[in-house]
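First up is the structure itself, then whatever we jot down about it.
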Amino acid sequence: MAGENIIDLVPAPGGQLRPTCGGGPANTAVSLARRGIPTALVGAVGGDHFGRQAWRRHIAAGVRRDWLLRTDLPSTLGLAIVHEDGSADYDYWTTGTADFAWDGRPLPKPDPARVDLIHFGSLAAYLEPSARAIEHWVNRARRAVPISFDPNIRLSAMGEHAKVLERTERLVGLATLVRVSERDLAQLYPGTAVEEIARKWLGEGPELVVVTLGDAGSVAFHRNHTTEMTAPPVDVVDSIGAGDAFTSGLIGWLTSAGWMRRDRLPAWGNQAVVAAALRYASQVAAQACTVPGAP
């Protein structure tokens with residue numbers, strides 16, 4: 050996993066804000082490690098109380114921290130605005146924070162004998178200087194191992210729409226697997242059908258594009274098939290971290306089943322394989338919706 054460790058400020062009873070550890074790649078790493086899948090996070094944590102809290106979170110979950118840099122910089126903050134349906138929007142404080150201080154740091158060389166895949170995305174893939182470092186690293190690594198990409202679009206922090214769209218499409222072209230939400234696609238391509246976008250992305254390089262549709266479930270697009278999956282019914286507290294949980298379930302199932310290897314990617318053309326992965330990912334995401342903040 051490669052990316053940020055954001056502190057989400059989540060609304061709590063009495064008009065209070067409850068700080069919880071978040072960040073898309075960090076959430077995904079924690080979710081995988083908690084289920085016993087060996088996972089390391091490439092990134093940084095702040096030198097403040099919040100950074101120490103994020104570090105302890107990774108220790109408790111079993112995330113490997115060989116490439117997680119401890120800094121003296123402050124942690125990134127994200128204020129979550131939770132709507133009645135459980136969805137959330139965010140305001141971010143990112144300037145000068147630990148998550149994007151990647152300039153000049155060494156990054157691990159992917160060894161296919163020890164690494165199943167690299168997953169990246171979210172703010173660190175869009176904000177400099179981390180964005181440039183991650184893109185160059187992923188571009189080199191994709192020749193050795195599969196690459197998973199979750200854009201996790203946050204236009205309020207990522208910048209001008211046209212530049213975010215251009216960067217997203219370039220990063221999609223580096224990925225083997227893309228997980229994206231319907232809401233993300235609506236921000237990137239207003240008024241364009243999900244299938245049209247997914248088919249366009251398939252033509253740019255990925256083997257599989259998976260779109261999550263909230264309580265409507267998910268749909269996977271492959272050159273050989275389109276596979277739909279319903280979402281388990283749950284009482285939603287909020288959806289913070291649900292997409293990250295889905296991503297962890299998707300790549301975790303494919304990895305544990307032995308299909309997350311470059312020489313086994315043809316198995317993704319089997320609809321039964323993809324359906325099983327979607328079903329498991331949907332269950333993991335549904336559980337995440339039953340607790341406040343990222344699970």
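Take the sequence shown: its letters are residues 50 to 344, numbered as in this note's numbering.
Every residue, glycine too, gets a C-beta built ideally from N, C-alpha and C.
Ordered list of beta strand (DSSP E) runs contained in the segment 103-181, each at least 3 residues: 117-119, 126-131, 137-142, 167-170
Check whether the Cβ atoms of residue 56 and residue 68 lie closer than 8 Å to each other. On the sequence shown, position 7 is the one that residue 56 refers to. On the sequence shown, position 19 is the one that residue 68 refers to. Going by beta carbons, residue 56 and residue 68 fall inside the 8 Å limit.
Check this for me: beta carbons of residue 331 and residue 86, under 8 Å apart or not? Counting from 1 along the sequence shown, the entry for residue 331 is found at position 282. Counting from 1 along the sequence shown, the entry for residue 86 is found at position 37. Taking 8 Å as the cut-off, the beta carbon of residue 331 is found no closer than this to the beta carbon of residue 86.
Since residue 52 contacts residue 73 with CB under 8 Å, what's their CB separation in whole angstroms? Sequence index remark: in the sequence shown, residue 52 carries index 3 (1-based). Sequence index remark: in the sequence shown, residue 73 carries index 24 (1-based). So it is a contact: roughly 6 Å between Cβ atoms.
Please go through the same chain and pick out, in chain order, the residues whose beta-carbon is closer than 8 Å to the beta-carbon of residue 204, but skip the five residues on each side of it. By one-based count along the sequence shown, residue 204 stands at place 155. So the qualifying residues of the chain are 210, 213, 236.
Can you give the Cα-Cα distance for residue 262 and residue 231, rounded to whole angstroms? Translated into positions along the sequence shown, residue 262 becomes position 213. Translated into positions along the sequence shown, residue 231 becomes position 182. Their backbone Cα atoms lie some 5 Å apart in a straight line.
Cβ shell of residue 111 (< 6 Å), same chain only, five flanking positions each side left out: Translated into the one-based positions of the sequence shown, residue 111 becomes position 62. 82, listed in sequence order.
Exposure label - residue 162; buried when at least 16 CB within 10 Å: Here residue 162 refers to the residue found at position 113 when the sequence shown is read from its first residue. Around the beta-carbon of residue 162, fewer than 16 other beta-carbon atoms lie within 10 Å, marking it exposed.
Consult DSSP for residue 207 and reduce its assignment to one of helix, strand or coil. Here residue 207 refers to the residue found at position 158 when the sequence shown is read from its first residue. Note: residue 207 maps to helix in three-state DSSP.
On a CA-only basis, which of 224, 175, 143 is nearest residue 168? Give me that one, please. As a working mapping, residue 168 is identified with position 119 in the sequence shown. Checked all of 224, 175, 143; the closest Cα to residue 168 is 224.
Tell me whether the beta-carbon of residue 297 lies closer than 8 Å to the beta-carbon of residue 77. Residue 297 sits at position 248 when you count from the first residue of the sequence shown. Residue 77 sits at position 28 when you count from the first residue of the sequence shown. Closer than 8 Å, so yes.
How big is the Cα-Cα spacing for residue 114 and residue 89? In the sequence shown, the residue the question calls residue 114 occupies position 65. In the sequence shown, the residue the question calls residue 89 occupies position 40. So the alpha carbons of these two residues sit roughly 6 Å apart.
Pick helix, strand or coil for residue 84, following the three-state DSSP scheme. In the sequence shown, counting from the first residue as 1, residue 84 sits at position 35. Reduced to three states, the DSSP call for residue 84 is coil.
Just curious, the alpha helix (DSSP H) that residue 56 is in, first and last residue? Translated into positions along the sequence shown, residue 56 becomes position 7. Element bounds for residue 56: not the alpha helix (DSSP H) but the beta strand (DSSP E), 56-61.
To the nearest whole angstrom, what separates the beta carbons of residue 276 and residue 335, a pair I think is in contact under 8 Å? Against the sequence shown, residue 276 aligns to sequence position 227. Against the sequence shown, residue 335 aligns to sequence position 286. With 8 Å as the limit, residue 276 and residue 335 do not qualify as a contact, their Cβ atoms being about 18 Å apart.
Using 8 Å as the threshold, is the C-beta distance between residue 241 and residue 283 below it? Numbered from 1 along the sequence shown, position 192 holds the residue referred to as residue 241. Numbered from 1 along the sequence shown, position 234 holds the residue referred to as residue 283. No, the Cβ-Cβ distance between residue 241 and residue 283 is not below 8 Å.
Exposed unless 16 or more other CB atoms sit within 10 angstroms - verdict on residue 106: Against the sequence shown, residue 106 aligns to sequence position 57. It is buried - the Cβ of residue 106 has at least 16 other Cβ atoms within 10 Å.
Among 320, 326, 206, 310, the one whose alpha carbon lies nearest that of residue 160: Translated into positions along the sequence shown, residue 160 becomes position 111. Minimum Cα distance to residue 160 is reached at 310.
Enclosing alpha helix (DSSP H) for residue 296 [first to last residue]: To locate residue 296, count along the sequence shown from 1; it is residue 247. 291-305 is the span of the alpha helix (DSSP H), which, as asked, contains residue 296.
Exposed or buried, what is residue 98 when buried is set at 16 or more other beta-carbons lying within 10 Å of its beta-carbon? One-based indexing of the sequence shown puts residue 98 at position 49. Its Cβ having fewer than 16 others within 10 Å, residue 98 is exposed.
Would you please state the rounded distance, in angstroms, between the beta carbons of residue 109 and residue 147? I believe it to be under 8 Å. Position 60 of the sequence shown, counted from the first residue, corresponds to residue 109. Position 98 of the sequence shown, counted from the first residue, corresponds to residue 147. No, residue 109 and residue 147 are not in contact; Cβ-Cβ is about 20 Å, not under 8 Å.
Return yes when at least one heavy atom of the ligand MN lies under 7 Å from the C-beta of residue 105, else no. Within the structure as shown, the ligand MN is missing, as the structure has no ligands at all.
Report the option in 333, 281, 172, 102 whose CA atom is closest to the CA atom of residue 150. Translated into positions along the sequence shown, residue 150 becomes position 101. It is 172 whose Cα lies nearest to the Cα of residue 150.
From the DSSP output, which residues share a beta bridge with residue 66? Numbered from 1 along the sequence shown, position 17 holds the residue referred to as residue 66. DSSP, once it has assigned bridges, lists 60 as partnering residue 66.
Checking the sheet assignment: what are the DSSP bridge partners for residue 99? Indexing the sequence shown from 1 puts residue 99 at position 50. According to DSSP, residue 99 bridges with nothing at all.
Three-way DSSP call (helix, strand, coil) for residue 280 in this model: Working through the sequence shown from its first residue, we reach residue 280 at position 231. The answer is coil: DSSP assigns residue 280 none of H, G, I, E or B.
Measure how close the beta-carbons of residue 307 and residue 273 come, nearest whole angstrom, since I'm counting them as under 8 Å. Here residue 307 refers to the residue found at position 258 of the sequence shown. Here residue 273 refers to the residue found at position 224 of the sequence shown. Wrong, their Cβ atoms sit about 20 Å apart, outside the cutoff.
Ignore the nearest five residues each way along the sequence and tell me which others in residue 326's own chain have a CB closer than 6 Å to its CB. Indexing the sequence shown from 1 puts residue 326 at position 277. So the qualifying residues of the chain are 299, 302, 303.
Could you tell me how far apart the beta carbons of residue 59 and residue 289 are, in whole angstroms, since I believe they sit closer than 8 Å? Translated into positions along the sequence shown, residue 59 becomes position 10. Translated into positions along the sequence shown, residue 289 becomes position 240. So it is a contact: roughly 7 Å between Cβ atoms.
Does the CB of residue 209 have a neighbour CB from chain C at under 8 Å? Checking the listed chains, one finds no chain C in this structure; it contains a single protein chain.
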